[in-house]
Every structure is written in structure tokens, then in C-alpha cells.
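Residue numbers (my numbering): 178 to 290. Taking it in order: structure first as C-alpha cells, then the write-up.
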Amino acid sequence: VDGLFQSISFKNASSLVSVSLALKDVNTMEGAADMMKFLASSCKLQKFCFYGYACKILANNGISSILPATFEELKHLNLSWIGINHMNEFLCAFGLIRSCLNIEELVVCMRVF
Numbered sequence: 178v179d180g181l182f183q184s185i186s187f188k189n190a191s192s193l194v195s196v197s198l199a200l201k202d203v204n205t206m207e208g209a210a211d212m213m214k215f216l217a218s219s220c221k222l223q224k225f226c227f228y229g230y231a232c233k234i235l236a237n238n239g240i241s242s243i244l245p246a247t248f249e250e251l252k253h254l255n256l257s258w259i260g261i262n263h264m265n266e267f268l269c270a271f272g273l274i275r276s277c278l279n280i281e282e283l284v285v286c287m288r289v290f
């Protein structure tokens, strides 16, 4: 789904196994920490893809090297557009990787600008 969203809600999504999050705008996203906690603990998420500025937005909203929860079911993690020159994004990416206890596949794409 493409468009402008005020918020994202994952309520009643306990069977959710795959999420792809592509964010084009670097504005703040309220509830980022709550969203990460829910996705880590309340569903059976096995694949998580961050595209566009998703890591930058999470980092700008306080998600850094320490995440609010661990992703115990997650097997596949895809992180793109990580700003190698932006320490908060870099730390957010490593925090996401460290929070995935049973990761089997990891894809990381960096950007330099």
C-alpha cells in the first residue's frame, strides 16, 4: 500500500509472519518503540524487511543499539538504505541484528551520502 499514513496499527495480528516496511519520508513516527515491542512479542514474525528510510526513522525515534524486545521467531532480516555516515542509523541496524536471536538470513545494504 502506498500513500500517506498517520499511523500503523498491528492490533489483532498475532498470526503475522512477514512485514515489509518502506518509508520514503524521514518525518518522525510516533509509537515506533511500541510497534517494535508488539512485533517482537505478540506475533510469529519470521521475516522483517526495512526499506527506504525505515532505520533512519526508527533511530530518530529512540530505537538505537538497545531494542525494547527481542525477535525470537525471526529468521530473515533485510535492512536497506542504512546510512554508514550516520551513527544513529548504524547503531539502530546493529541493534536490530542483535535482537534477532535465531536469524538465518541477513541482508544489509548501506548508503554513503
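Glycine residues also receive a C-beta, built at the ideal position from the N, C-alpha and C atoms. Please read these numbers as outputs of a predicted model, since none were measured by experiment.
- DSSP lists S195 and H253 as the beta-bridge partner residues of K224.
- Taking S276 as the centre and dropping the five residues before and after it, the same chain places the C-beta of L244, T247 and F248 closer than 6 Å to its C-beta, in chain order.
- Boundaries cannot be given for L278, as no alpha helix (DSSP H) includes it and DSSP labels it neither H nor E.
- In this structure, K214 keeps its C-beta atom at 9 Å or more from the C-beta atom of E250.
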